[in-house]
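Numbering-wise, the sequence shown is residues 46 to 223 according to the numbering used here.
All C-beta atoms, glycine included, are put in the ideal place defined by N, C-alpha and C.
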Amino acid sequence: KAEGGLADSIVDLQVVRERAHVYGGVGGPSTSPPYKGLARFDVDDAEWFFGRERVVAEMVSRMAGARLLGVVGASGSGKSSAVRAGLVGTLTSGMLPRSGELIVALMRPGEHPQRALDRAIWAAAPDALREQLPGDEGLLGTLPDRLTGDQRLVLVVDQFEELFTTCTDEDERAAFVE
46 KAEGGLADSI VDLQVVRERA HVYGGVGGPS TSPPYKGLAR FDVDDAEWFF GRERVVAEMV
106 SRMAGARLLG VVGASGSGKS SAVRAGLVGT LTSGMLPRSG ELIVALMRPG EHPQRALDRA
166 IWAAAPDALR EQLPGDEGLL GTLPDRLTGD QRLVLVVDQF EELFTTCTDE DERAAFVE
């Protein structure tokens, strides 16, 4: 019940944000064309990603009580767009309470998922936190002790299947999953 109520509230907030944008809210309407063809919508395209508010709201509400959220579906169904422009766009928009405390690291595993993970965490970390991180590999393991207050890391692994299709090193694959 709580997830459903939260999802409804998030949908309402998204609709208000979209209307404000369309009708000349903060910054006025954008002049960039919203149609991306077959390309995915990314975090920077959140303003143009609409029509999937219910799906995005359900993802956000399920994150409230979960440590892991899997988004699965048929190839080409828009999972990456829903996660990047929808979920991550919502989390980083400041629309949710304490969203400023979220550190959102977005990555694709690729051939070397451990290296990709470290790069994603390094890129997402605020400057104050980055100064505390060691320069060697394995940043994820050192992060929990350095988070302050209500800070929380949200790790988004897009194209998780690359862990099995692109990464050929069994040990690296196992270390990443661990």
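(1) State the DSSP-derived secondary structure class of A170, mapped to helix, strand or coil.
(2) Measure the alpha-carbon distance for W93 versus L113 and round it to whole angstroms.
(3) Give the single residue among L174, V149, E156 and E176 whose Cα lies nearest to the Cα of A165.
(4) Give a yes or no on whether the C-beta atoms belonging to L243 and W167 are separated by under 8 Å.
(5) So what's L132 in DSSP terms, helix, strand or just coil?
(6) Could you work out which residue in L174, T211, E207 and V199 is closest to T44 when comparing CA atoms only?
(7) Within a Cβ cutoff of 6 Å, which residues of the same chain sit near A127, ignoring the five residues on either side of it in sequence?
(8) Based on DSSP bridge pairs, tell me the residues matched to V201.
(9) Tell me the residue span of the alpha helix (DSSP H) that contains E146.
(10) Are V105 and V201 close, meaning C-beta to C-beta below 8 Å?
(11) Contact between the segment 149-158 and the segment 204-214: three or more CB pairs below 8 Å?
(12) Do F221 and L162 have their C-beta atoms closer together than 8 Å?
(13) Where does A219 land, buried or exposed, given buried means 16+ other C-beta within 10 angstroms?
(14) Applying the 10 Å Cβ sphere with the 16-neighbour rule, what's the burial state of G139?
(15) Using alpha carbons as the reference points, say which of D190, D172, A84 and R143 lies closest to G123.
(16) Which stretch, first to last residue, makes up the alpha helix (DSSP H) that contains G186?
(17) Determine the closest residue to D87 out of D53, T137, R107 and A102, with distance taken between C-alpha atoms.
(18) Does the Cβ-Cβ distance between D190 and A130 come in under 8 Å?
(19) At the level of alpha carbons, what is the spacing between D57 and P142?
On the basis of the data shown:
(1) coil
(2) Straight across, the Cα-Cα distance linking W93 with L113 is about 27 Å.
(3) Checking every option, the nearest Cα to that of A165 belongs to V149.
(4) Any property of residue 243 remains undetermined from this structure, which presents the chain solely from 46 to 223.
(5) helix
(6) Nothing can be reported for residue 44: it is not among the residues displayed for the chain, which extend from 46 to 223.
(7) R97 and V100
(8) L151
(9) Run containing E146: none; DSSP gives neither H nor E here.
(10) no
(11) yes
(12) yes
(13) exposed
(14) exposed
(15) A84
(16) Residues L184 to T187.
(17) T137
(18) Their beta carbons are not under 8 Å apart, which means D190 does not touch A130 by this criterion.
(19) Rounded to the nearest angstrom, the two C-alpha atoms are 15 Å apart.
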